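Visitor: Next up is a structure, given as structure tokens.
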Amino acid sequence: MMVATQIWKALLPVAFLASNAGAELCAGGEWDVIVVGSGPAGIVTADRMSEAGKKTLLLEQGGPSYYVTGGRARPDWLNDTELSRVDVPGLYKSIFSMPGKGLTCASDVVNAFQGCTVGGNTAINAGLFFQPPASDWDRYFPRGWKNKDMQSAIEKVRATQPSTDNNSQDGKRYLQSGYDAARQWLVDGAGYAEVGLNDGPQNHTKSKVFGHPIWNYEGGQRSGPVKTYLQTALKRPNFSFQTGTKVLRVRRDGDVANGVDVETTSARAPYSICIKEGGTVISSAGALLSPQLLMWSGIGDAEVLKNLSKNGHVTQPPQDWINNTAVGNKVFDNPNTFIELQSDSIDSYVYNYSYPLPGDAELYLNNRSGPYTFASQTSAFWDYIQQGKDVVGCQGTIDSSGAMDYMKMGTITLNVYGTSGLRSFGRVNLDARGIATPASNFYSDPRDVSAIATFVHNIFKSLPSTLTPLNIAKNSTLEAIETWLKTPSKYTLGNVQHWSSSCRMGECVNTDTKVVEKPNIIMGDDFAAILAANGMNFVTTDRHDTYPYINPKNVNLQGKNVLITGASKGIGKVTAVSYAKAGASSIALGARSSLESVVKDVLEAAKSAGHPEPRIVTFNIDVTSQESVEAAAKKVSSEFDGRLDILINNAGYLSDFAAIPDSDPLEWWRSYEVNVKGTYLVTHAFWSLLLASSSKIIINVASIGAVTTAPHNSAYGTSKSAAMRFTEYINQDHGEGNEGMVAIAVHPGGVQTELGLGMPEHMHGFLVDTSELAGDTLLWLGAERREWLGGRYVSANWDLEELSAKKEEIVKRDLLKLRMTRNSDTADSPESALDRAFKKMKSSGSASHAHSSHVTNAVDDSAEDYQPSAFESEHDQGEAANSGTSMEHTRLTHRKMTNAEKEAKQRRLEGQVGFIILMRDNNKPNAYGMYSVTHAPLPWSAVARAYNEKYGVSVTPAAMEKRVRQHRTDWMAKHPAYPVKIVYAHKTRKSQAPRSKANVAKAPAHRARNIVETDVHSNRGTDRHQKCVEAIGYLDSSDRIAGWLPPDHVRNQADIRNYIDDARSVDSCLLTIEVIDSQETSLGSVAIDCEDVRRSSLVFRRLLVGMAGGQTQLYGPSVKTVQHYVHCVSSKSLTEFLDCEACDRISLIELYCFATQLEDEHVRWLVLDRWELLSDQHATVEIALEDLNLLFASTGCADPARMFWVETLCAAGLADQLLGIDGYDSALTARVQSLVANEAM
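And the structure:
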């Protein structure tokens, strides 16, 4: 619940930027980093940037997807769950037939099938999650991006992002007949190896391997960056997420980006969002929209820019255009081929969006098990095709059913893809509107079609006799396969929509993924894994292992004395070894545990490096004890002749991760005792020894936790921040110009030490750095006096050669320190920034507040103090206070509100009122005009709970109701598309004597089909139906919207669909239903309009798709039942059916079972309504034993008809008679026994 609240908090419509923004400069505030697009690359990048301390804004033009993001699009059978259609893996294919507003991109966004929603394509695809082979990195990527360079990032992704080859929580594998057939073919016949496809490097080769698909799923549901990286980002105060925001272009001053222009659905005009000086814009909008964004920003082919300029899309003057023809060039998509296969041993399985098989739905809803826990792929396999020096990768996946013209039982689909090494490329063009339109140019290089044909031909050689291709001959020659692949059809030359490579390294961007000639515009698509790797990316190159520049062989420390605390293990131990390799003459090792093994390793390291054996002094030390530390100082002074050149304060302690109210105070304080007091005591005790040296170097081992905030890490994180400040004080008070001390704080990297592994397990994925990197970094820092690093923070993950090249910039701008400034302050010197901060606090009359505005460059001209009210959201206060810490500064200001801030505050209030209105109305529409179900208004107490949890406040229900009464009229006036009245669905029954309490039906929510206005309960029958029609405002039930009523002007324009319709159009026709007996003798036929039956029955709908003629055969019940079924599905027959006396003269049970067989929920609910009407009227109905058995044989355990009849009969006192009669279905008997037992209680 907490996660859902946090996500919802970030996804509220961004009204605070909307109403009067216009083209106002920086109306959207200033940020360190703006990330465009919340697909997987965008989410990961934004998370890592905010983790690095950057104030980060993530922008998404689409809306919610997963339930946790506010997504509520789903079929009826998921009602009353915390699931949207996106969360259920088995529903992924429905995106192709029922795209749904808000998930896929509209045609005025991009001319391709892409995800425009939170999560991007990971919210609409199958969720397959295969690790690329090492050869792909090494063959196709430049230096710095090879497999060895990527391993740490890959491990982080795999540690953060769960994956599985069996998502069913009962541990069973479902739909395995296709897998077994493919295994016999490829493993037994073609020599493929059956492996766990992501289990190890040997299986990542993708060379003749076969196995179960790997999915990005967890707990029976879809996972992905939305469920992992986005969750961590949302917990940080320096991160904001804005949906419904389309980025039009990157604003720039010459070659330097300074922000973006955006438009939102709520703003009257586009406005700008700015980045701070030195900030960055990262485009992760996808391989199609990122080139479009660059072109609209005046970067691209000059001819394209001319056309865009004519219609106003490019606003830069021609002299500022950057001609880069590589933008959008060489875009790539995997050519897709469908091969349909048939075998008698295969049980095909077709997923159903609206009406899954009852047993499968029950398995999923109750246990997160069964076929709906995974997408339709049952197996996957790979191989490479060698063509001279070139290698082409090919992939096959096998689906659970056939496709298009081949949907019969026993059919499966083999999807064949070309993956890596293809040489046919396309281009992202822009149409006349300036919208991206990709051209794939499949097989423009003939070698590509030859490679894929060879792959198909190779596996066809091993096809068993039991498996038959249906759309290509089994014995096709290589040439025939190649010709078939090149011939356009429904099964060949298909786009997988896996677009990539539209802005290639070395052409469109450099190897830092920065757009050529644009120093602060980064293309983040496909590169997010390493963009913000391991913390503060102050330099370009990210290090995770030692490297030549810091090799101990480059240093000679003969004559130097070094002391290391915490030296018995981990980083302390490897640091001692590094100093021995560099020839240090004397090494003092202090620790609480044994140092015997360290001494041995130090001596061996010195010897192997060709240095004399160092003098080693060991001592037991408790750094929190002054007596223990002073005793150690005396011993070292005696052994080292009163001189110490380098002091390394490495001893550290990690308190248990815990929320502050849940923490143990002694355990929490222990981090301060070791990390702060211990560092102070050791520095204090060895001060005189350091003064006796010419080096005077103090290295305090800090942590990235000092400059970032991890949940529940308040003890360790703040103690390391204090140690960093202590380091700065040493340099300020005793550095250059005074006693000459050089003190440096260093993050040693993420190393799997005993301390590091004490973090929560989910954080272990960040421990990817070698201990040698840490040791050699600490050696480099102590090898010589680097006054320019005095008092500053350094990370072992930074390339220190690149850091040295920034020496002048670091000193001039006084970087790599914690600072307190306003955004408008320059960083010329620490004094000027501090002077301004203190002057600011003095002028405001208080230095105790740390609130700053969302619009950060405002001046103090408001007459009203800015004091967040108790009614403001915790999220908004967090943004207003802007407490995010960066490496360069933090803010500490208190001032008046500007007019813009007042307006932003009013908009926040409107957003809060809107939240309460939506909660109170219990209104859950997918989009105005679409179908949704709302059963009752939410009680004020429940609304208050939801509001208080969301905003972290404590508001009473009475105060909340009062606030909404005050503001609802204004809110409604600003939201004309919101329903003018809410219509609720109620389940009502008359009290009926002499029924027992066992007959009180607990009808599921989706049976609530009688629609009445709030708090109005009407009788059943024609009067009830008439009230239903009046309340909904439509002539018949086929177009009704159950749940809420939009205004006429919205309703008339809305895309209103029948609630059982999947929006697939079928030409007008007649369908003939012929009833035959077991001897295939015709008993009669009934004609029905195709449109009527298509709207009602999923079975008939599937039969109609691609049906060759106007007639089919179906085994079923009597002709009379079929005739009555046809009558029921007529769009004009609802009232007639409810009043139909003939209904009682036929078996409604037989009709119900027939409708169940046809997957017709429309008729099933008509029959259920009829039964309840008869029950309310105390009518006499005869029921036959065989009818009850037919009902129980045709329906699932939780079927509402079962529950109705058993409860009705038991309530009528017939339980004993029912149990005493032979021949009843066992499930019926068990249900009766259960009811009798409950009644006895």
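As numbered in mature numbering (1 follows the signal peptide of the UniProt record, and there is no 0), residues -23 to -1, 1 to 1218 make up the sequence shown, in order.
Backbone N, C-alpha and C fix where the C-beta goes; we use that ideal spot for every residue, glycine too.
Because the structure is a prediction, the values reported are computed rather than measured.
Among 257, 729, 765, 128, which residue has its Cα nearest to the Cα of residue 489?
Guide: Here the question's residue 489 lines up with position 512 in the sequence shown. Closest option to residue 489, Cα to Cα, is 257.
Visitor: Taking all protein chains shown into account, decide if residue 637 is buried (16 or more other Cβ within 10 angstroms of its Cβ) or exposed.
Guide: To locate residue 637, count along the sequence shown from 1; it is residue 660. Exposed, because fewer than 16 other Cβ atoms sit within 10 Å of the Cβ of residue 637.
Visitor: Between residue 388 and residue 318, is the Cβ-Cβ spacing less than 8 Å?
Guide: Position 411 of the sequence shown, counted from the first residue, corresponds to residue 388. Position 341 of the sequence shown, counted from the first residue, corresponds to residue 318. Yes.
Visitor: Below 7 Å CB to CB, which residues in the same chain sit around residue 344 once its five sequence neighbours on both sides are set aside?
Guide: For this step, residue 344 is matched to residue 367 along the sequence shown. Contacts found: 146, 147.
Visitor: Please identify the residue among 615, 728, 315, 337 whose C-alpha is closest to the C-alpha of residue 521.
Guide: The residue labelled residue 521 in the question sits at position 544 within the sequence shown. Minimum Cα distance to residue 521 is reached at 728.
Visitor: To the nearest angstrom, how far is it from the Cα of residue 764 to the Cα of residue 22?
Guide: Within the sequence shown, the letter at position 787 stands for residue 764. Within the sequence shown, the letter at position 45 stands for residue 22. Their Cα atoms are separated by approximately 34 Å.
Visitor: How would you write the range of the beta strand (DSSP E) that residue 724 sits in, first residue to last?
Guide: What you label residue 724 is simply residue 747 of the sequence shown in a count that begins at 1. Element bounds for residue 724: 719 to 724.
Visitor: Thinking just about the alpha-carbon of each residue, which of 707, 110, 467, 1133 is nearest to the one in residue 131?
Guide: Counting from 1 along the sequence shown, the entry for residue 131 is found at position 154. The shortest C-alpha separation from residue 131 is found at 110.
Visitor: What is the DSSP secondary structure of residue 216, counted as helix, strand or coil?
Guide: Here residue 216 corresponds to residue number 239 of the sequence shown, with the count starting at 1. Residue state, collapsed to three classes: strand.
Visitor: Using the C-alpha atoms, what's the distance from residue 24 back to residue 217?
Guide: Here residue 217 refers to the residue found at position 240 of the sequence shown. Here residue 24 refers to the residue found at position 47 of the sequence shown. Approximately 10 Å, taken between the alpha carbons.
Visitor: Considering Cα atoms alone, identify which of 375, 704, 228 is closest to residue 188.
Guide: As a first step, residue 188 is located in the sequence shown; it is residue number 211 there, counting from the start. The shortest C-alpha separation from residue 188 is found at 375.
Visitor: Pick from 1171, 1148, 1157: whose alpha carbon is nearest that of residue 1182?
Guide: Indexing the sequence shown from 1 puts residue 1182 at position 1205. For residue 1182, the nearest C-alpha among the options comes from 1148.
Visitor: To the nearest whole angstrom, what separates the beta carbons of residue 352 and residue 69, a pair I think is in contact under 8 Å?
Guide: Residue mapping note: residue 352 aligns to position 375 of the sequence shown, counting from 1. Residue mapping note: residue 69 aligns to position 92 of the sequence shown, counting from 1. That belief holds up - the Cβ atoms of residue 352 and residue 69 are roughly 5 Å apart, short of 8 Å.
Visitor: Excluding the 5 residues preceding and the 5 following residue 593 in the sequence, name in chain order all residues of the same chain whose CB lies nearer than 7 Å to its CB.
Guide: One-based indexing of the sequence shown puts residue 593 at position 616. Result list for residue 593: 564, 566, 576, 579, in chain order.
Visitor: Leaving out the 5 sequence neighbours to the left and right, which residues in its chain are closer than 8 Å to residue 249 when beta-carbon positions are compared?
Guide: Here residue 249 refers to the residue found at position 272 of the sequence shown. So the list reads -1, 1, 2, 3, 4, 5, 228, 236, 237, 238, 239, once near-sequence residues are dropped.
Visitor: Do you know how far the Cα of residue 604 is from the Cα of residue 597?
Guide: By one-based count along the sequence shown, residue 597 stands at place 620. By one-based count along the sequence shown, residue 604 stands at place 627. Going by the C-alpha atoms only, they are around 12 Å apart.
Visitor: Which parts of the region 589 to 643 are runs of the alpha helix (DSSP H), unbroken and 4 residues or longer, counting only runs that do not cross its ends?
Guide: 603 to 616
Visitor: What do you get for residue 442, buried or exposed, if any count of 16 or more other CB atoms within 10 angstroms of its CB means buried?
Guide: For this step, residue 442 is matched to residue 465 along the sequence shown. Flag for residue 442 reads exposed.
Visitor: Could you check what DSSP says for residue 562 in three-state terms: helix, strand or coil?
Guide: Your numbering for residue 562 matches position 585 in the sequence shown. Correct three-state label for residue 562: coil.
Visitor: Does the structure place the region 706 to 722 close enough to the region 527 to 540 that three or more beta carbon pairs sit under 8 Å?
Guide: no
Visitor: When we look at the beta-carbon of residue 703 and count the other beta-carbons within 10 Å, is it buried (16 or more) or exposed?
Guide: One-based indexing of the sequence shown puts residue 703 at position 726. Under this definition residue 703 is a buried residue.
Visitor: Identify the continuous alpha helix (DSSP H) that holds residue 429 and give its terminal residues.
Guide: Position 452 of the sequence shown, counted from the first residue, corresponds to residue 429. Start and end: 423 to 437.
Visitor: Return helix, strand or coil for residue 896, following the three-state DSSP convention.
Guide: Along the sequence shown, one-based indexing puts residue 896 at 919. Three-state DSSP puts residue 896 in a helix.
Visitor: May I ask you to list the residues that DSSP assigns as paired with residue 466?
Guide: To locate residue 466, count along the sequence shown from 1; it is residue 489. The partner list for residue 466 (beta bridge, DSSP) reads 469.
Visitor: Measuring alpha carbon to alpha carbon, tell me which of 491, 568, 599, 624 ends up nearest residue 556.
Guide: Translated into positions along the sequence shown, residue 556 becomes position 579. Nearest of 491, 568, 599, 624 to residue 556, Cα basis: 624.
Visitor: Any idea if residue 288 is buried or exposed, counting beta-carbon neighbours within 10 angstroms, 16 or more meaning buried?
Guide: For the purposes of this step, residue 288 is taken as residue 311 along the sequence shown, with counting starting at 1. Counting Cβ neighbours within 10 Å, residue 288 comes out exposed, since fewer than 16 surround it.
Visitor: Can you list, in chain order, the residues of its chain whose CB lies under 8 Å from that of residue 590, leaving out five sequence neighbours each side?
Guide: What you label residue 590 is simply residue 613 of the sequence shown in a count that begins at 1. Contacts found: 580, 583, 584.
Visitor: Excluding the five sequence neighbours on either side, which residues of its own chain have a C-beta within less than 8 Å of the C-beta of residue 751, listed in chain order?
Guide: For the purposes of this step, residue 751 is taken as residue 774 along the sequence shown, with counting starting at 1. Hits under 8 Å: 548, 551, 552, 725, 726, 728, 773.
Visitor: Leaving out the 5 sequence neighbours to the left and right, which residues in its chain are closer than 6 Å to residue 680 when beta-carbon positions are compared?
Guide: For the purposes of this step, residue 680 is taken as the residue at position 703 of the sequence shown. Around residue 680: 697, 724.
Visitor: Could you check the C-alpha separation between residue 1179 and residue 1164 for me, to the nearest Å?
Guide: Translated into the one-based positions of the sequence shown, residue 1179 becomes position 1202. Translated into the one-based positions of the sequence shown, residue 1164 becomes position 1187. Cα to Cα, residue 1179 sits roughly 12 Å from residue 1164.
Visitor: Excluding sequence positions up to five away, which residues of its chain have a Cβ less than 8 Å from the Cβ of residue 1114?
Guide: Position 1137 of the sequence shown, counting from 1, holds the residue named residue 1114. With a pLDDT of only 48 at residue 1114, under the threshold of 50, the placement of this residue in the model should not be trusted; the figure read from the coordinates follows. Counting only Cβ-Cβ distances below 8 Å, and skipping sequence neighbours, we find 1104, 1105, 1120, 1143, 1147.
Visitor: Which same chain residues end up closer than 6 Å to residue 82 when comparing Cβ atoms and leaving out the 5 residues on each side of it in sequence?
Guide: To locate residue 82, count along the sequence shown from 1; it is residue 105. Excluding positions up to five away in sequence, the list reads 91, 93.
Visitor: For residue 346, which of helix, strand or coil comes out of DSSP?
Guide: Taking the first residue of the sequence shown as position 1, residue 346 is located at position 369. The answer is coil: DSSP assigns residue 346 none of H, G, I, E or B.
Visitor: Output needed for residue 397: all residues of its chain with C-beta closer than 6 Å, excluding positions within five of it in sequence on either side, in chain order.
Guide: Counting from one through the sequence shown, the residue named residue 397 turns up at place 420. Excluding sequence neighbours, residue 397 sits near 113, 370.
Visitor: Please look up how many angstroms separate the CB atoms of residue 253 and residue 8, rounded, as I've assumed it's under 8 Å.
Guide: What you label residue 253 is simply residue 276 of the sequence shown in a count that begins at 1. What you label residue 8 is simply residue 31 of the sequence shown in a count that begins at 1. Contact between residue 253 and residue 8 holds: their C-beta atoms lie close to 7 Å from each other, under 8 Å.
Visitor: Got a sec? Which residues, its chain only, sit under 6 Å from residue 331 by beta carbon, not counting five neighbours each side?
Guide: Counting from 1 along the sequence shown, the entry for residue 331 is found at position 354. Apart from sequence neighbours up to five positions away, the residues of its chain that approach residue 331 with a beta-carbon distance below 6 Å are 52, ordered along the chain.
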